[in-house]
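Chemist: I'd like to ask some things about the structure below.
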Amino acid sequence: MPLTQRQREVLHEMGIPLWVRRGSIRGDTMASVSHTRSEPEGAPQAGAPVPEGLSAVASPSVAELDWDALRTRVAGCVACTELASRRTQTVFGVGDRDADWLFIGEAPGAEEDRRGEPFVGRAGQLLDNMLAALDLARGENVYIANILKCRPPGNRDPRPDEMAACRPFLDRQIALIAPRVVVALGRVAAQALLASEAPLGRLRGGDHTYGGIPLVVTYHPAYLLRSPAEKAKAWNDLLRARKLMLRS
Ligand code: URA
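Those letters in the sequence shown? Residues 35 to 282, by the numbering used here.
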């Protein structure tokens, strides 16, 4: 069946390469689709075998996508088979695309998976309160995202291969937002962003950057719900982040 122009555009946005017959002008009649699971960018891997008589029409890499194309690419990503097959939807991120502040958590939970927005459960309410304490609000000069765009089953920790597969999406969001300060919420986000296995207690309070942007590590709001005595330390972290913001 020939693909319509609209189908071709959607597949292209999803990062699904189209294979067209060499020398064909329209290509529709020979188009078949293939998706490279280990490559969320969707571009055919260098050296990947191209079927006889066909040549690849590569999709743009994730690093080249604009917001709309990035959101579409994320929504169609199946790089992590287990997560993709169980998710209600991907959880892209939310907020001001020109934000100075970027808060990065771990991964969507059940409520986030259901609603398609990060930090909307109890931990999210606490995050909103932390933002309010800084005179900030979700969506106003703040962007919120996670290391993973899909919910790990049973809220297990994200696996290294899942974090690696999802990272280009987050990196593209960071490049598009160009925040002045990044706040890593909790051990998983901090370790992933800093490529470190150090415990949170060692990473907190350190002078870090991510891609040249000052990065502050603090507790995850879910942990603070369980350990309210640590809220004062989290507040100190946020004050340090604000100082960095004023300095940058
Ligand atoms: N915990 C996270 O790390 N992210 C969410 O979006 C929700 C809970």
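The beta-carbon is built from N, C-alpha and C at its ideal position, and this holds for glycine as well. All figures in this text were calculated on a predicted structure; none of them were measured in a lab.
Whose C-alpha, out of Cys114, Gln207 and Arg190, is nearest the C-alpha of isoleucine 178?
Modeler: It is Gln207 whose Cα lies nearest to the Cα of isoleucine 178.
Chemist: Considering glycine 158, what are the terminal residues of the alpha helix (DSSP H) in which it resides?
Modeler: Start and end: 156-167.
Chemist: Going straight from the alpha carbon of glutamate 145 to that of glutamate 151, what length do you get?
Modeler: Each residue's Cα considered, the two are about 8 Å apart.
Chemist: Counting Cβ pairs, one atom from each stretch, are 3 or more of them under 8 Å apart for the segment 126-145 and the segment 175-194?
Modeler: Yes: the two stretches touch, three or more of their Cβ pairs being nearer than 8 Å.
Chemist: Can you give me the start and stop residues for the alpha helix (DSSP H) that leucine 278 sits inside?
Modeler: That run of the alpha helix (DSSP H) goes 265-281.
Chemist: From the DSSP output, read off the bridge partner residues of histidine 242.
Modeler: Note: histidine 242 sits in a beta bridge opposite Leu249.
Chemist: What span of residues does the beta strand (DSSP E) with isoleucine 138 cover, start to end?
Modeler: Element bounds for isoleucine 138: 135-139.
Chemist: Using the Cα positions of valine 108 and proline 94, report the straight-line distance between them to the nearest angstrom.
Modeler: Cα to Cα, valine 108 sits roughly 14 Å from proline 94.
Chemist: So what does DSSP say about glutamate 174, is it helix, strand or coil?
Modeler: In this structure, glutamate 174 counts as strand in the three-state DSSP scheme.
Chemist: Going by DSSP, which residues form a beta bridge with asparagine 189?
Modeler: Bridge partners of asparagine 189: none, in fact.
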